[in-house]
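Undergrad: Its first residue numbered 66, the sequence shown is counted upward by one per residue in the numbering used here.
This structure is in structure tokens; I'll ask about it shortly.
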Amino acid sequence: MTGDVVPALTHLRHMTDAGGLYEHAEGTRVRREHGYCVDDVARGLIVVMREDEATPTHDDLREQYLSFVLLAQTEDGRFRNRRSADLVWTDSPTVEDCWGRALWALGTVVSRSHDPRQRAAALAAFDRAAVWTSPWPRASAFAALGAAEVLCGEPGHEAAERLLRNALECIGRPSSSRTWPWPEMRLTYANPALAEALLAAGAALDEPEVVADGLTLLRWLLDGQTRDGHLSVVPASGRGPADAALARFDQQPIEVAALADACARAFDLTGDAHWSAAVALCAAWFFGENDSAAVMHDPVSGGGYDGLEQGGRNQNQGAESTLALLSTMQQARRLGPASP
């Protein structure tokens, strides 16, 4: 099945040079003029850390992406996001998404790296960043996923536990509405990450009611994004209770990857095959089981296409979409073949 197909990291390497991982591509051509961003490099670090470390095949990428994330951090612990091709940081440090994604990536290094030097550097950077909190639910959710990773390698880590509790407060609980239990008035982007953060926090803090909240939201998300037996994820324009049945395009691969991550965690926590089948649905989306019957990966380059459009796809193969493809297939491969 689709989960058995393992895309090579060829296009990811094509998008990477000594300065970092370029953000955009025109087709497969790297658009160097747009530079690099921590959002993508952090995603890349998570992906390469998930790969088998028994062989040194991707050690260079692990080292390079970690170095980029460390360089993006300022002395006060926050992160800059954008770096030009001439290696100049072009924005100010924040606690927005790049902060949360950097924490997620650093936590993944702490829990997964076999290199003590990498783990020590990542944990020190995590601790500097963890003195901050973010008012934005998605940034808080990404940070919480990193905190859960830290607790795998460093049980009882106080800063990680504090980030988890901050995320719970920022994300909130499901509403009492049966038709719209989502804690926000609109679905925007990376929605499954909020549900996954509740799952991770509830498990790490031993709070079963929080895990139950995460499962409630994830089940509602999955049900609302399944159409005629395939995924139909929230488009870039978002979706609210009044327009839930309207816009279906432009669907972004990163939404599918976030759903695959969340469903894989739900399976790990519950053992319920419903969630492993959902991961298989996510993988199938990239192989044409979607609203446009468009294959969303390039088997020649190893890249992922940037968006699902009405009757087709965006032909560009940027870093975010390529990493979404790789991440989804990692989860599908890990959980094994399943029938949606």
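From the three backbone atoms N, C-alpha and C, an ideal C-beta is built for every residue, glycine too.
#1: Spatial neighbours of ASN379 within its chain, please: CB distance less than 7 Å, with the 5 preceding and 5 following residues excluded, ordered by chain position.
#2: Count the C-beta pairs between the stretch 281-291 and the stretch 247-266 that are closer than 8 Å, then say yes if the count reaches three, no if not.
#3: Let me know the beta strand (DSSP E) ranges lying completely inside the stretch 347-395, each 3 residues or longer, listed in chain order.
#4: For ASP315, does the three-state DSSP call read helix, strand or coil?
#5: My understanding is that VAL175 touches PHE144, with C-beta atoms under 8 Å, so please give their C-beta distance in whole angstroms.
#6: To the nearest angstrom, how far is the alpha carbon of HIS76 from that of SER366?
#7: Straight-line CA distance for ALA266 to ALA327?
#8: Look at the alpha carbon of HIS339 and the alpha carbon of ARG177, and state the distance between them as a whole number of angstroms.
#9: With a Cβ-Cβ cutoff of 8 Å, do LEU229 and ALA209 count as a contact?
#10: Could you tell me how far apart the beta carbons of LEU110 and LEU131 are, in whole angstroms, since I believe they sit closer than 8 Å?
#11: To the nearest whole angstrom, what separates the beta carbons of LEU334 and VAL276, a pair I think is in contact under 8 Å?
#12: Could you tell me if ASP105 is buried or exposed, where buried requires 16 or more neighbouring beta carbons within 10 angstroms of its beta carbon?
#13: Specify the secondary structure class of ASP141 as computed by DSSP and reduced to three states.
#14: Thinking GLN316 and GLY92 are a contact (beta carbons under 8 Å), I'd like their distance in whole angstroms, please.
#15: So ARG97 is in the alpha helix (DSSP H); what residue range does that whole segment cover?
#16: Using three-state DSSP, classify PRO257 as helix, strand or coil.
#17: With respect to the alpha helix (DSSP H) encompassing PRO181, which residues constitute its N-terminal and C-terminal limits?
#18: Among ARG313, GLU274, LEU252, GLN183, whose alpha-carbon lies nearest the alpha-carbon of LEU286?
#19: ARG108 and GLU385: beta carbons closer than 8 Å?
#20: Have a look at PRO273, TRP245, ASP363 and flag the residue whose alpha-carbon is nearest the alpha-carbon of PRO306.
#21: Measure from the alpha carbon of ASP278 to the alpha carbon of each residue in ASP288, GLY303, LEU296, TRP247, then state which is nearest.
#22: Among ARG182, PHE351, GLY401, CYS163, which has the Cα closest to the Cα of ALA329?
#23: Identify whether HIS79 lies in helix, strand or coil by the three-state DSSP scheme.
#24: For GLN375, does the count of other Cβ atoms within 10 angstroms reach 16, so buried, or fall short, so exposed?
#25: Helix, strand or coil: which one does DSSP assign to LEU270?
#26: Cα separation between ASP156 and ALA301?
#27: For VAL95 and LEU388, which I take to be in contact (beta-carbon distance under 8 Å), what is that distance rounded to the nearest angstrom?
#28: Between which two residues does the alpha helix (DSSP H) holding VAL175 run?
#29: Suppose you measure from the CA of GLN129 to the CA of ASP293; what does that come to, to the nearest Å?
#30: Do SER199 and GLU161 have their CB atoms nearer than 8 Å?
#31: Whose CA, out of ARG78, GLU274, MET80, ALA331, lies closest to the CA of PRO239?
#32: Can you pull the DSSP bridge partners for LEU86?
#33: Nearest-angstrom Cα distance between ALA269 and ALA213?
#34: With DSSP run on the structure shown, which of helix, strand or coil describes ALA403?
#35: Using 8 Å for Cβ pairs, my map puts LEU135 next to ALA186. What's the rounded Cβ distance?
TA: Inspection of the coordinates gives the following:
#1: Non-local C-beta neighbours of ASN379 in its own chain, meaning closer than 7 Å and more than five positions away in sequence, comprise TYR370, ASP371, GLY372, ordered along the chain.
#2: Per the Cβ contact rule, the stretch 281-291 is in contact with the stretch 247-266 (3 or more Cβ pairs under 8 Å).
#3: Here the runs fully enclosed are 372-374, 377-379.
#4: Note: ASP315 maps to coil in three-state DSSP.
#5: About 17 Å; that fails the 8 Å criterion.
#6: For HIS76 and SER366, the distance between alpha carbons rounds to 6 Å.
#7: Cα-Cα distance, rounded: 13 Å.
#8: Between HIS339 and ARG177, the alpha-carbon positions lie close to 27 Å from each other.
#9: Contact: yes.
#10: In this structure LEU110 touches LEU131 by the C-beta definition: roughly 6 Å separates them, less than 8 Å.
#11: About 6 Å; that satisfies the 8 Å criterion.
#12: That one is buried.
#13: Coil, per DSSP.
#14: With a beta-carbon spacing of about 20 Å, GLN316 and GLY92 fall beyond the 8 Å limit used to define contacts.
#15: Note, ARG97: premise wrong, no alpha helix (DSSP H); not H, not E.
#16: Looking at PRO257 - three-state DSSP - the assignment turns out to be helix.
#17: Unbroken alpha helix (DSSP H) run through PRO181: 181-194.
#18: In this structure, LEU252 is the residue among ARG313, GLU274, LEU252, GLN183 with its C-alpha nearest to the C-alpha of LEU286.
#19: Yes, these two residues count as a Cβ contact at 8 Å.
#20: The residue among PRO273, TRP245, ASP363 with its C-alpha nearest the C-alpha of PRO306 is TRP245.
#21: Out of ASP288, GLY303, LEU296, TRP247, TRP247 has the C-alpha closest to the C-alpha of ASP278.
#22: Looking at ARG182, PHE351, GLY401, CYS163, the one whose alpha-carbon comes closest to that of ALA329 is GLY401.
#23: Note: HIS79 maps to helix in three-state DSSP.
#24: Classification for GLN375: exposed.
#25: The DSSP-derived three-state label of LEU270 is coil.
#26: Rounded to whole angstroms, ASP156 to ALA301 spans 24 Å at the Cα level.
#27: With 8 Å as the limit, VAL95 and LEU388 do not qualify as a contact, their Cβ atoms being about 15 Å apart.
#28: Its alpha helix (DSSP H) spans residues 162-177.
#29: So the two alpha carbons sit approximately 42 Å from each other.
#30: In this structure, GLU161 lies closer than 8 Å to SER199 by Cβ.
#31: Nearest to PRO239 by alpha-carbon distance, out of ARG78, GLU274, MET80, ALA331, is GLU274.
#32: THR81, per the DSSP bridge assignment.
#33: Each residue's alpha carbon lies about 6 Å from the other.
#34: Residue confidence for ALA403 is low, a pLDDT of 47 falling below 50, so the modelled location carries little weight; the figure read from the coordinates is stated next. DSSP places ALA403 in coil when its eight states are reduced to three.
#35: About 6 Å; that satisfies the 8 Å criterion.
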